Amino acid sequence: MKNLKKITVIILVMSLLFTITPSLQINAASKYNAKKIAKYLKKNISTTTRYKAYTKKSDPNKLLGRPKQYTGKADFFDTRVDSSEAGTIEVFRNKKNCTARYKYLKVFQDPSLGVLGLSQYMIRFDKAIIRISNDLTRKEAGVYRYYLEKYFGKKAIKSDVKPVKPPKAKIKLKVDDSSLIIDDTTFVDLTGYTGKVKWSVSSNLKITAKLSSTTIEVKGIKKGTGTVIALAKGKKYTKKIYVSDPYQLAEFIRITDVFMDNDSFSFTVENTGTDIITIDGECYISDNLDHGYAYINEDHSDETLEPGQMKSFSYYQFYGEDDNFYLDDASYMVDIIYQGTKYTYFREQDYQSFD
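Here the sequence shown is numbered in our numbering, starting from 12 and rising by one per residue.
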């Protein structure tokens, strides 16, 4: 009876071995797939932008699938290599074919061959050869070896470079312009991160565009200090953006309804202070590209506004140094006199043309 139990145990163990071992072999073999390797590199190395897998028909060497040659091939591309692919992946049916191909390629790495030789680093595994352009430094190529060894779960058999563990990217929230005026926009990026991000902003800001999961465009809609919040992997990243009112000059005057075209300039002034203000008659526009400047013809002399009073002003007939006055990046200026001190209201304008 005891012998029968032993036999039964042996049979069960043997049956488990026969059922488990083939699946392990399939999983190991599936790693030797050129497209899968290239896809893994693209996912883990940020400078790897794309990859291209070949078929028997598209392989430029016409070796794919031939006896004793590679059974799969793919190129991968890196932003640091401009002219061509950054590397090539070749996988083989067995170690013998891989070793033979590796020895053949090694001959062409001889520096004495000059331009006829192969300018590349090689990394070899059991049934795969990865060739990397020496347009990359040894350290940069070493990062590829680091990730290849993670992919295969073992060290390379042969390699021209040492593995280099890349520094962990720091996640930071970056704002192009942290000081806005109302209706202006800026870009906000969560750098060092590639996953999903949940964005939110305070009430004086508005998200106007989502350019990618990690980049948004934000507009200032109300005066004050606002906050942009990026939530990634359960952690919050915040940045402050200050929004100013472009029409408020100090605390005593506000300029609104500004209009400028090819022969007129108008605006509305509101006295928000507690004293009389004077609007200087010599309001003018200027050209920031050194084409000159144009005074606004004084249709009226200096005018005053009482506290709380609002008034519109219009000027016509611009004239400058020549008849055709082009303001590619124009600005306009209004001089305000308050309690004996002159204040200049300055505002840049988008493209304008004055014919």
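Quick reminder that beta carbons are idealized off the backbone N, C-alpha and C, glycines included.
Keep in mind the model is a prediction, meaning the values are calculated, not measured.
- In the three-state DSSP reduction, Lys150 falls in the helix class (H, G or I).
- Comparing alpha carbon positions, the residue from Tyr349, Lys209, Lys233 closest to Gly245 is Lys209.
- Per DSSP, Val102 lies in no alpha helix (DSSP H); the unbroken beta strand (DSSP E) holding it starts and ends at 98-102.
- Sixteen is the threshold: when 16 or more other Cβ atoms of the shown chains lie within 10 Å of the Cβ of Lys138, as they do, the residue is buried.
- Exclusion of the five residues before and after Lys79 leaves Asn108, Ala111 as the residues of its chain whose Cβ lies within less than 7 Å of its Cβ.
- Residues of the same chain with a CB within less than 8 Å of the CB of Tyr62, apart from the 5 flanking positions on each side, are Lys46, Ala49, Lys50, Leu52, Lys53, Ala85, Asp86, Phe87, Phe88 in chain order.
- Beta-carbon to beta-carbon, Leu191 and Val254 are separated by about 5 Å, close enough to satisfy the 8 Å threshold.
- Fewer than three beta-carbon pairs drawn from the region 161-172 and the region 188-203 are found closer than 8 Å, and the two stretches are therefore not classed as touching.
- Linking Gln320 to Val280 through their CA atoms gives a straight-line distance of about 8 Å.
- For the 9 Å CB-CB criterion, Lys221 and Glu228 form a contact.
- DSSP places Ser41 in the helix class (H, G or I) of the three-state scheme.
- Judged by their CB atoms, Thr148 and Ala97 are not nearer to each other than the 9 Å cut-off.
- Counting every other CB atom within 10 Å of its CB across the protein chains shown gives Gly206 a total below 16, marking it as exposed.
- Within a 10 Å sphere around the beta-carbon of Val239 sit 16 or more other beta-carbons, which makes this residue buried.
- Runs of the beta strand (DSSP E) lying entirely within the region 195-228 and spanning at least 3 residues, in chain order: 196-202, 209-212, 216-223.
- Under DSSP, the beta-bridge partners assigned to Thr315 are Thr289.
- Exclusion of the five residues before and after Lys173 leaves Arg149, Gly153, Arg156 as the residues of its chain whose Cβ lies within less than 8 Å of its Cβ.
- In this structure, DSSP gives Lys117 a helical state, which the three-state scheme calls helix.
- In the DSSP assignment, Ala85 is bridged to Ala64, Ile100.
- The Cβ-Cβ distance between Gly76 and Asn44 does not fall below 9 Å.
- C-alpha of Gly284 to C-alpha of Gln350: approximately 11 Å in a straight line.
- About 20 Å separates the beta carbon of Lys230 from that of Leu242, a gap too long to meet the 8 Å contact definition.
- Each of Ser170, Ile252, Ser144 was checked against the Cα of Asp188, and the nearest Cα belongs to Ile252.
- The beta carbon of Leu184 sits closer than 6 Å to the beta carbons of Leu201, Ala241, Tyr248, Lys250 from its chain, once the five residues preceding and following it are set aside; these are given in chain order.
- In this structure Ile140 touches Tyr113 by the C-beta definition: roughly 6 Å separates them, less than 8 Å.
- Counting the other CB atoms within 10 Å of its CB gives Ala180 a total below 16, which places it among the exposed residues.
- Contact between Ile182 and Tyr204 holds, since their C-beta atoms are separated by about 5 Å, short of 8 Å.
- Straight through space, the alpha carbons of Thr289 and Ser325 are spaced by roughly 15 Å.
- Considering only Pro318, Lys106, Ala64, Glu314, the residue with the shortest C-alpha distance to Lys169 is Lys106.
- Arg142 and Ile232 have their C-alpha atoms some 53 Å from each other.
- In the same chain as Asp286, and ignoring 5 residues on each side of it, the C-beta atoms closer than 8 Å to its own belong to Phe263, Pro318, Tyr349, Gln350, in chain order.
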